[in-house]
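First comes the structure, then the notes that go with it.
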Amino acid sequence: DSGVTQTPKHLITATGQRVTLRCSPRSGDLSVYWYQQSLDQGLQFLIQYYNGEERAKGNILERFSAQQFPDLHSELNLSSLELGDSALYFCASSALAGRTDTQYFGPGTRLTVL
Amino acid sequence: AQSVTQPDIHITVSEGASLELRCNYSYGATPYLFWYVQSPGQGLQLLLKYFSGDTLVQGIKGFEAEFKRSQSSFNLRKPSVHWSDAAEYFCAVGADFGNEKLTFGTGTRLTIIP
Numbered sequence: 004d005s006g007v008t009q010t011p012k013h014l015i016t017a018t019g020q021r022v023t024l025r026c027s028p029r030s031g032d033l034s035v036y037w038y039q040q041s042l043d044q045g046l047q048f049l050i051q052y053y054n055g056e057e058r059a060k061g062n063i064l065e066r067f068s069a070q071q072f073p074d075l076h077s078e079l080n081l082s083s084l085e086l087g088d089s090a091l092y093f094c095a096s097s098a099l100a101g102r103t104d105t106q107y108f109g110p111g112t113r114l115t116v117l
Numbered sequence: 431a432q433s434v435t436q437p438d439i440h441i442t443v444s445e446g447a448s449l450e451l452r453c454n455y456s457y458g459a460t461p462y463l464f465w466y467v468q469s470p471g472q473g474l475q476l477l478l479k480y481f482s483g484d485t486l487v488q489g490i491k492g493f494e495a496e497f498k499r500s501q502s503s504f505n506l507r508k509p510s511v512h513w514s515d516a517a518e519y520f521c522a523v524g525a526d527f528g529n530e531k532l533t534f535g536t537g538t539r540l541t542i543i544p
């Protein structure tokens, strides 16, 4: 158990819908990262937050957005869902935002878009 | 931009045999390198990491990896595999200050036969 929790574990929804994925980082960790794992794209970095502020963006679609709240939990919002958004979404956290900080991954949320 | 190549998509090894998983990276400066393991239905667990110093790094579960700058490689090894090692293994490279994302390889699926 990494100490990172993600809810829900599974999510099944329809095209065009909007969903919210939630992540609670390890106690004391200030950085949160979101990654998407799909069969065709592999593991891709989406976005990073540090202490409530957006720190880095990766291959995140405009239909997706995220935020980190004062209690440091984070939410990833996916809207106007398409079939291709079906994937496993991971959240990771690290103590600070340094290159040497280990990222600890949650168990993931599996999103299925029908 | 950094990249990681894992040339072996799938490897099958007999229980008790030795294992080597290959990883090649591309990065302009000194890389920060990681190996993660993903068991079915689980998140990613860090096996080991290399930041600097000794090029032979010891990790959890009896794994080790060797950083070879001249070959741009960071291969993962284990002298004797156990059935519980069956999983998917990902090599990753860390990025720059201000964007601490991980760039992952495509993964190597390890099957253990009795």
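Each protein sequence line maps, in turn, to chains A and B. Going by the numbering used here, the first residue of the first sequence is number 4, and it counts up by one from there. Going by the numbering used here, the first residue of the second sequence is number 431, and it counts up by one from there. Note that CB positions come from ideal geometry on N, CA and C, so glycine has one too. None of these values were measured; they are calculated from a predicted model.
Excluding sequence positions up to five before and after D88 (chain A), its CB lies within less than 7 Å of the CB of L81, L114 and V116, all in the same chain and listed in chain order. Against chain A, the CB of G483 (chain B) has no partner CB under 9 Å away; the residue lies outside that interface. By the rule that beta-carbons nearer than 9 Å mark a contact, G446 (chain B) does not touch chain A.
Listed as beta-bridge partners of Y53 (chain A) by DSSP are A:S34 and A:E56. Looking at the DSSP output, K12 (chain A) sits in no beta bridge, so it has no partner there. The continuous beta strand (DSSP E) containing K498 (chain B) extends over residues E494 to K498.
For T533 (chain B), the closest Cβ of chain A is nearer than 9 Å.
With fewer than 16 other CB atoms across the displayed protein chains lying within 10 angstroms of its CB, I15 (chain A) is exposed.
Residues F464, A522, V523, G524 and A525 of the same chain have their beta carbon placed closer than 8 Å to that of L532 (chain B), with the five preceding and five following residues left out of the count. Between Y466 (chain B) and F520 (chain B) a beta carbon distance of about 5 Å is seen, short of the 8 Å cut, so the two are scored as contacting. For the pair K60 (chain A) and G101 (chain A), the Cα-to-Cα distance works out to about 16 Å. At least 9 Å separates the CB of P11 (chain A) from every CB of chain B. Restricted to the stretch 39-113 of chain A, not a single alpha helix (DSSP H) segment is unbroken, complete and at least 4 residues in length.
In the DSSP assignment, Q488 (chain B) forms a beta bridge with B:E494. Counting C-beta atoms within 10 angstroms of its own C-beta, W513 (chain B) has fewer than 16 neighbours from the protein chains shown and is therefore classed as exposed. From the beta-carbon of Q472 (chain B), the residues of chain A found nearer than 7 Å are P110.
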